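Below is one structure; the comments refer to it alone.
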Amino acid sequence: MIGTVTWGPDLIYSADEIWMQELNAHGAGNVETLPSHYDIMDTPSKVTALLEAAGFASVRAWAAPSSYRLELEHFVACRTSLGLFKRRLETLDAQARASCVGRAVARLETMSTENFRDRSDVIFAVGVT
94 MIGTVTWGPD LIYSADEIWM QELNAHGAGN VETLPSHYDI MDTPSKVTAL
144 LEAAGFASVR AWAAPSSYRL ELEHFVACRT SLGLFKRRLE TLDAQARASC
194 VGRAVARLET MSTENFRDRS DVIFAVGVT
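Read left to right, the sequence shown gives residues 94 to 222 (this note's numbering).
Below you can see the structure in the form of structure tokens.
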């Protein structure tokens, strides 16, 4: 028996758009995106096909909504320490980096907390051998 849980298709936070705008405005360099294979398992039908191809039978897969809201401080901590946003931020010199983060935070502070809500689907699947 196997059980899996994966994220559905990526959704962009409204707050991410602000972060990206400030990175662009401050001249942050483009960085190579890291390989990702989420797109091969981001729907119930894709996960079903993968599990069946791996020899599992009686596969059942479904999507369920997920909703999680980040606090501003946590959002900023994630964007300055993880992933693509962090790597782009690191292309700036210290002064531009501080300006970029400061300007982004100032804009983000004016946004509704709903702009920090992740509403991604979660894909669940089970199968037996």
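We put the beta carbon where it would ideally sit given N, CA and C, even for glycine.
These numbers come from a predicted model, not from an experiment.
Give me, in chain order, the residues of the same chain whose beta-carbon lies closer than 6 Å to that of residue i; leave out the 5 immediate sequence neighbours on both sides.
i: Phe209; result: Ala108, Arg162, Leu163, Phe168
i: Thr99; result: Met134, Ile216
Going by the DSSP bridge assignment, what does residue i pair with across the sheet?
i: Gly220; result: Ile95
i: Val215; result: Trp100, Ala157
i: Arg210; result: Arg162
What residues in its chain sit with their C-beta under 7 Å from that of residue i, if we drop five residues either side in the sequence?
i: Arg196; result: Glu115
i: Tyr132; result: It is Asp, not Tyr, that sits at residue 132 in the sequence shown. Result list for Asp132: empty, nothing under 7 Å.
i: Lys139; result: Ile133
Residues in the same chain with beta-carbon distance under 8 Å from residue i, minus the five sequence neighbours each way, listed in chain order, please.
i: Glu202; result: Leu165
What residue does the alpha helix (DSSP H) around residue i start on, and which one ends it?
i: Ile111; result: 107-118
i: Ser205; result: Counting along the chain, Ser205 falls outside any alpha helix (DSSP H), and DSSP gives it neither H nor E.
i: Leu201; result: 187-201
i: Gly176; result: 176-182
Check your understanding: Can we say the segment 205-220 touches the segment 158-172, given the rule of at least three CB pairs closer than 8 Å?
Key -> yes
Check your understanding: What residue ranges within the segment 130-161 form continuous beta strand (DSSP E) runs of no fewer than 3 residues, ordered along the chain?
Key -> Segments of the beta strand (DSSP E) lying fully in the segment 130-161: 150-158.
Check your understanding: Quick one: any contact between the segment 142-150 and the segment 178-186, if contact means 3 or more CB pairs under 8 Å?
Key -> no
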